[in-house]
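Colleague: I have a structure I would like to understand better, so I am pasting it below and will then ask my questions one at a time.
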């Protein structure tokens with residue numbers, strides 16, 4: 001029998017749309033076939049809620065999955081999209097801790113400070129994963145990376161790379177310095193061009209990216225060991241967060257993989 005929107009199992013899962021409930025339960029929801037596939041591959045799935053239609057449509061994907069059949073109304077309650085496909089995985093938290101990251105002596109870290117847009121957080125996680133970064137840190141008052149929009153923007157990368165939510169950027173910078181990592185900030189008036197930073201990028205390093213609207217504040221930028229500018233040779237005056245991060249992380253990956 002299909003679970004309805006009044007089922008306690010569904011009611012408890014719907015609560016996971018709220019960040020506080022996710023933190024309390026150590027669970028989150030991943031919606032849609034791409035995220036469900038990535039979640040199943042990672043081993044993080046507790047249940048997959050699926051309608052009869054979704055069960056037929058994604059039969060191969062769900063062949064060995066712990067499926068809970070739900071009604072269309074229940075699927076709508078579980079969804080946070082405009083047009084639900086009736087497929088939602090309830091997953092155990094894959095969040096890492098900063099202590100764990102530091103213990104692994106990372107060589108390539110991405111830190112985002114006060115990121116407010118879930119889509120930007122997810123995109124940054126996706127780019128960091130693609131470029132082989134060791135971890136992503138969402139510092140300050142950044143958005144919850146397990147927000148539905150952030151998860152979708154990550155395109156499943158949330159399951160591939162450690163992601164940490166850690167408030168104290170000064171403490172993070174101190175730990176990175178203790179690891180011998182260069183702390184790099186992108187600024188329009190950087191003292192070093194990205195084109196001239198190869199020797200720095202070849203070693204352990206951490207990029208710090210700021211808020212979408214305001215960038216890094218002066219206090220946070222001062223934590224960097226190097227302020228780096230991205231050369232812009234056309235008419236554009238600036239780059240958005242995702243574009244700047246993609247350029248910087250590619251430049252870093254290029255140097256790391258030369259070794």
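Numbering (our numbering), first residue to last: 1 to 259.
Glycine is no exception: its CB is placed at the ideal position from the N, C-alpha and C atoms.
Have a look at 34, 256, 11, 7 and flag the residue whose alpha-carbon is nearest the alpha-carbon of residue 157.
Modeller: 34
Colleague: Please go through the stretch 28-101 and give each complete beta strand (DSSP E) segment of 3 or more residues, from N-terminal end onward.
Modeller: Taken in chain order, the unbroken stretches of beta strand (DSSP E) that lie wholly in the stretch 28-101 and span 3 residues or more are 45-50, 67-69, 87-92.
Colleague: Taking the beta strand (DSSP E) that residue 186 belongs to, which residues open and close that run?
Modeller: 182-186
Colleague: With DSSP as the reference, label residue 133 as helix, strand or coil.
Modeller: coil
Colleague: Could you tell me which residues DSSP puts in a beta bridge with residue 166?
Modeller: 139
Colleague: With the cut-off set at 9 Å, would you say residue 2 and residue 51 are in Cβ contact?
Modeller: yes
Colleague: For residue 73, which of 144, 100, 84 has the nearest alpha-carbon?
Modeller: Nearest in C-alpha terms to residue 73, of all of 144, 100, 84, is 84.
Colleague: Distance check for residue 154 and residue 119, CA to CA, integer angstroms please.
Modeller: 8 Å
Colleague: Between which residues of its own chain and residue 298 is the CB-CB distance below 6 Å, once the five residues before and five after are set aside?
Modeller: With the chain running from 1 to 259 in the structure shown, residue 298 is simply not present.
Colleague: Measure the C-alpha to C-alpha separation of residue 26 and residue 93 and round it to an integer number of angstroms.
Modeller: 5 Å
Colleague: Between which residues of its own chain and residue 141 is the CB-CB distance below 6 Å, once the five residues before and five after are set aside?
Modeller: 114
Colleague: Which residues in the same chain have their Cβ closer than 7 Å to the Cβ of residue 123, if we skip the five residues on either side of it in sequence?
Modeller: These residues qualify, in order along the chain: 153, 242.
Colleague: Go ahead and label residue 79 buried or exposed: buried means 16 or more other beta carbons lie within 10 angstroms of its beta carbon, across all protein chains shown.
Modeller: buried
Colleague: Just the Cα atoms here: how many angstroms apart are residue 160 and residue 109?
Modeller: When rounded, the distance between both Cα atoms is 14 Å.
Colleague: Any heavy atom of the ligand NAD inside 8 Å of the beta-carbon of residue 70?
Modeller: For the structure depicted, the ligand NAD is absent and the ligand set is empty, with no information on it obtainable.
Colleague: Grouping DSSP H, G and I as helix and E and B as strand, with all else coil, what is residue 194?
Modeller: helix
Colleague: Identify, in the order they occur along the chain, each residue of the same chain with its Cβ nearer than 6 Å to the Cβ of residue 173, setting aside the five sequence neighbours on each side.
Modeller: 183, 223
Colleague: Quick one: what's residue 111 bridged to in DSSP?
Modeller: 137, 208
Colleague: Between which two residues does the beta strand (DSSP E) containing residue 226 stretch?
Modeller: That run of the beta strand (DSSP E) goes 226-229.
Colleague: Can you tell me which of 58, 60, 176 puts its alpha carbon nearest to the alpha carbon of residue 99?
Modeller: 176
Colleague: Using a 10 Å radius around the Cβ and a threshold of 16 neighbouring Cβ atoms, would you call residue 48 buried or exposed?
Modeller: buried
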